[in-house]
Amino acid sequence: MVEINLEFSGGLELLFGDVKQHKVQVPAKDGAIQVLISDLLVWIRGNLLKERPEMFLKGDSVRPGILVLINDCDWELCGRLASPVEDGDTVVFISTLHGG
Amino acid sequence: MVEINLEFSGGLELLFGDVKQHKVQVPAKDGAIQVLISDLLVWIRGNLLKERPEMFLKGDSVRPGILVLINDCDWELCGRLASPVEDGDTVVFISTLHGG
Amino acid sequence: IGSESHGLDKPQVERYSRQLLVPAFGVAGQGTLCCASILVVGAGGLGSPVLLYLAAAGVGTLGIADDDVVEQSNLHRQVIHTEAAAEAGNPKTTSAKEACQRINSSIKVVEHRTRFTAANALDLVRPYDVIVDASDNVATRYVVNDACVVAGKPLVSGAALGMEGQLAVYHDRPGAPCYRCMFPVPPVGARRCADAGVLGVVPGIIGSLQALEAIKVATGIGEPLSARMLIFDALTTRLQTVKLRGRSATCAACGDQPTITAETLPSFDYAHFVSADTDPSPLPVL
Amino acid sequence: IGSESHGLDKPQVERYSRQLLVPAFGVAGQGTLCCASILVVGAGGLGSPVLLYLAAAGVGTLGIADDDVVEQSNLHRQVIHTEAAAEAGNPKTTSAKEACQRINSSIKVVEHRTRFTAANALDLVRPYDVIVDASDNVATRYVVNDACVVAGKPLVSGAALGMEGQLAVYHDRPGAPCYRCMFPVPPVGARRCADAGVLGVVPGIIGSLQALEAIKVATGIGEPLSARMLIFDALTTRLQTVKLRGRSATCAACGDQPTITAETLPSFDYAHFVSADTDPSPLPVL
Ligand SMILES: [Zn+2]
Ligand SMILES: [Zn+2]
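Pasting the structure below:
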């Protein structure tokens with residue numbers, strides 16, 4: 002079980018009751034010792050995201066145009082879906098903006 | 002000996018070779034187990050600040066108009082000169098600006 | 002949108018339509034803003050974006066306090082003014098008012114073509130809901146703060162110099178510090194833009210953020226930078242938000258036994274107060 | 002100050018005197034800026050402060066690309082335009098150019114009164130040193146990026162919506178990502194200001210920061226937001242800077258085997274590219 006700070010912004014918060022910041026406890030998969038971002042996505046879909054999952058997820062990843070940041074770093078720098086998340090980590094999901 | 006990140010800004014960096022960020026190792030006073038901000042000021046005066054100390058210090062504290070921040074917090078919130086500093090702490094000295 | 006109950010007429014609904022769509026702002030926020038009054042002290046580098054954005058946003062009454070005239074050396078940062086105003090040597094209040102009304106003729110813009118002094122400070126701030134300090138010197142910063150405390154007004158304070166900026170909201174709620182709580186003793190040798198210079202867009206950024214904070218304070222929306230300070234380093238585009246102390250019980254302005262009151266403020270000698278220290282040397286300009 | 006060797010004449014020294022005093026900028030920075038050319042794509046909410054501050058700062062040649070006319074519903078955030086321009090339905094490029102020249106008649110301002118398309122993108126960006134993306138839609142963001150990569154230009158990209166903003170510098174040095182490295186697959190149902198609204202001062206803040214980054218990139222001063230992104234939440238005045246990935250070897254634009262080239266770009270179907278996903282539902286507007 003790891004305690005994670007989740008943040009949704011750029012409009013994604015509208016899928017989560019218009020709440021931007023969530024402190025959540027996410028269990029490891031059966032038999033696993035670590036929680037990966039892929040596990041976190043499954044957990045969010047089952048526990049936090051009650052409607053219209055297609056606005057947030059596509060296949061086993063996030064929808065195009067959503068940037069994932071782990072402790073202020075682009076998830077591309079730490080392994081994307083395979084990145085482990087640890088107690089106290091902050092994971093941000095942000096929809097890119099295009100307005101001006 | 003504690004390792005501290007020092008930052009000077011708002012023009013104070015001009016007293017420190019125009020360098021804003023310094024990583025320094027500061028020893029505790031003889032017989033003491035902790036390093037306090039008061040010790041840090043003495044250390045800065047003796048080791049980092051080579052000229053015009055009156056631009057930075059006044060009496061045993063900083064000159065009026067200088068804000069001291071310990072890990073992004075006003076030092077008034079943690080005991081001013083008596084605040085302990087620990088390994089990895091960031092201490093910012095910033096001169097307030099008045100221009101517009 | 003159901004605007005009628007908030008007193009927005011059809012041209013206003015058209016003009017502000019993009020803002021009315023913002024859930025956190027909406028018709029209620031716009032309605033409040035259209036009834037609000039904000040005084041901007043200084044129509045210079047900070048005041049330019051503050052005034053342009055507050056006028057555009059539809060602040061009902063916008064006051065401009067300044068006693069300077071437009072000069073060539075202002076134009077690199079004071080984007081509310083024009084070459085024509087500099088050549089004619091027009092007052093900054095007049096030039097700024099004209100620019101605000103060109104963008105929005107539906108708001109009221111009031112010129113206060115005067116220096117902000119101990120003698121007139123309380124009369125200047127009293128008619129307004131929110132005060133924006135966009136001035137350029139230490140003495141004015143103290144007198145504006147003190148007048149805000151005595152008159153019970155929230156203060157949005159910004160500053161810029163060189164490649165740096167600072168921003169905070171003072172005295173906007175019980176327990177929040179005022180400017181004097183932060184700086185009970187004035188600094189010596191404070192540097193000004195005329196001496197130390199400023200990259201023009203730096204006050205642009207700080208001033209735009211001041212306009213945002215003023216809108217938030219005036220409408221009660223979001224979390225203003227109260228008991229917090231934003232510190233901006235333009236060279237690295239680093240923006241830090243730090244936590245400030247609370248109100249000081251011993252503050253001469255907002256403390257438990259203030260010495261600065263409606264009676265004493267008008268005769269307080271701010272020029273002497275900010276130059277009382279005997280050390281004359283300013284920070285070097287390299 | 003010894004400006005002669007940098008080609009600044011006496012009126013320029015007077016006009017830019019406050020900037021010349023800034024050690025990190027100085028005469029060298031001003032001299033470089035006065036010879037630089039910057040193209041701003043979009044003269045709207047973001048483009049307004051970008052253009053005002055770049056004109057004031059003395060960018061030698063300022064290009065403005067936009068095919069819209071000024072409307073009433075622009076005026077709450079597009080502070081470069083006026084009610085008169087909205088009533089006359091003037092082109093945004095003309096209105097913006099006039100405002101820039103009122104502030105600084107010594108610079109050259111070029112109107113590109115056209116939509117930014119695959120067909121004209123390369124011709125538009127090639128004459129300029131730095132490109133600023135201040136546009137308001139996904140298709141333009143991709144075509145501007147791709148043209149910058151093909152033509153070898155740095156890109157300062159900003160966006161704003163609702164109470165939020167984002168800012169990054171792309172493709173300004175070897176190893177830095179381009180916009181397409183970050184977003185190889187376009188989003189679906191992207192929301193625009195016309196649908197989802199925007200508080201006027203939010204693009205003001207982001208646009209001012211874009212002007213700063215453009216000046217830094219054009220002069221080589223400081224550390225631009227390269228491989229970094231600034232994320233701004235106006236409700237809480239929270240500004241985060243996050244670290245982005247490097248250049249992607251598989252990027253269609255800047256990768257090792259690009260499919261977007263000087264030959265293919267002009268016929269690339271951006272409208273189809275950004276709408277290719279079958280999922281049509283935009284994020285809700287509450
Ligand atoms: Zn106080
Ligand atoms: Zn790329």
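Chains as they are written, first to last, in the numbering used here: chain A, 2 to 101; chain B, 2 to 101; chain C, 2 to 287; chain D, 2 to 287.
Built from N, CA and C at the ideal position, the CB exists for glycine as well.
Under the rule that 16 or more other beta-carbon atoms within 10 Å means buried, what is residue i, buried or exposed?
i: E52 of chain B; result: exposed
i: D137 of chain D; result: buried
i: P12 of chain D; result: exposed
i: E214 of chain C; result: buried
i: V186 of chain C; result: exposed
i: I34 of chain B; result: exposed
i: N105 of chain D; result: buried
i: M56 of chain B; result: buried
i: M164 of chain D; result: buried
i: V145 of chain C; result: buried
i: L260 of chain C; result: The displayed chain sequence assigns Thr, not Leu, to residue 260 of chain C. Answer is exposed; the Cβ neighbour count stays below 16.
i: Q167 of chain D; result: buried
i: E14 of chain B; result: buried
i: M2 of chain B; result: exposed
i: V20 of chain B; result: exposed
i: L284 of chain D; result: Only weak support is given to the placement of L284 of chain D: the predicted model assigns it a pLDDT of 49, under 50, and the value that follows is read from those uncertain coordinates. Answer is buried; the Cβ neighbour count reaches 16.
i: D88 of chain A; result: exposed
Among the options, which has the Cα closest to the Cα of residue i?
i: L226 of chain D; options: C:L236, C:K244, C:E84, C:Y180; result: C:L236
i: I67 of chain A; options: D:H172, D:F184, D:K217; result: D:F184
i: C149 of chain C; options: C:S107, C:R193, C:T262, C:V23; result: C:T262
i: V202 of chain D; options: C:A191, C:V41, C:G48, C:L53; result: C:L53
i: F94 of chain A; options: A:M2, A:A83, A:D75; result: A:D75
i: V70 of chain C; options: C:T83, C:K93, C:Q79; result: C:K93
i: C36 of chain C; options: C:S107, C:R229, C:R239; result: C:S107
i: G59 of chain D; options: D:S276, D:I216, D:A140, D:R192; result: D:I216
i: E84 of chain C; options: D:C101, D:R192, D:A87, D:G205; result: D:C101
i: V131 of chain D; options: D:D173, D:V111, D:A122; result: D:D173
i: L266 of chain D; options: D:F117, D:A29, D:V133, D:G8; result: D:F117
i: T91 of chain A; options: A:I45, A:N72, A:P85; result: A:N72
i: L37 of chain B; options: B:E4, B:K59, B:H23; result: B:E4
i: Y143 of chain D; options: D:G8, D:A253, D:L21, D:L22; result: D:A253
i: A29 of chain A; options: A:F17, A:W44, A:Q22; result: A:W44
i: M230 of chain D; options: C:T238, C:E224, C:R192; result: C:T238
Taking only the alpha-carbon atoms, compute the straight-line gap between residue i and residue j and give it to the nearest angstrom.
i: G11 of chain B; j: T62 of chain C; result: 34 Å
i: I65 of chain D; j: K244 of chain D; result: 30 Å
i: E99 of chain C; j: R246 of chain C; result: 40 Å
i: G153 of chain D; j: A161 of chain D; result: 26 Å
i: A89 of chain C; j: Q31 of chain D; result: 26 Å
i: V126 of chain C; j: E15 of chain C; result: 32 Å
i: G176 of chain C; j: L76 of chain C; result: 40 Å
i: P50 of chain D; j: D31 of chain A; result: 54 Å
i: G80 of chain A; j: S39 of chain A; result: 11 Å
i: N6 of chain B; j: L240 of chain C; result: 17 Å
i: N48 of chain A; j: G256 of chain D; result: 38 Å
i: E72 of chain C; j: S96 of chain C; result: 11 Å
i: S268 of chain C; j: D67 of chain C; result: 21 Å
i: I232 of chain C; j: Q258 of chain D; result: 43 Å
i: D234 of chain C; j: L123 of chain C; result: 34 Å
i: R114 of chain C; j: T220 of chain D; result: 38 Å
i: V110 of chain D; j: P65 of chain B; result: 46 Å
i: S62 of chain A; j: P155 of chain D; result: 30 Å
I believe residue i touches residue j by the beta-carbon criterion, under 8 Å. Please report the beta-carbon distance rounded to the nearest angstrom.
i: G101 of chain A; j: G198 of chain D; result: In fact, because the Cβ distance is near 13 Å, the residues do not count as touching under 8 Å.
i: I222 of chain D; j: A56 of chain D; result: 19 Å between Cβ atoms; not a contact.
i: V42 of chain D; j: A140 of chain D; result: The pair is not a contact, with the Cβ atoms about 12 Å apart (cut-off 8 Å).
i: Y129 of chain C; j: S158 of chain C; result: Not confirmed; about 15 Å, so no contact.
i: P204 of chain D; j: L40 of chain D; result: The Cβ separation is near 18 Å, so there is no contact.
Kindly list, in the order they appear in chain E, the residues whose Cβ is closer than 7 Å to that of residue i.
i: V23 of chain C; result: Absent from the structure is chain E; the protein chains it does hold are A, B, C and D.
Taking the DSSP output, what are the residues bridged to residue i?
i: N6 of chain B; result: B:K24, B:T91
i: S84 of chain A; result: DSSP output for S84 of chain A lists no bridge partner at all.
i: F57 of chain B; result: According to DSSP, which records beta bridges pairwise, F57 of chain B is partnered with nothing at all.
i: D75 of chain B; result: B:L70
i: M164 of chain D; result: Note: M164 of chain D sits in no beta bridge, so no partner.
i: Q211 of chain D; result: Answer is none; Q211 of chain D lacks a bridge partner.
i: E72 of chain C; result: Answer by DSSP bridge pairing: none, since E72 of chain C is not bridged.
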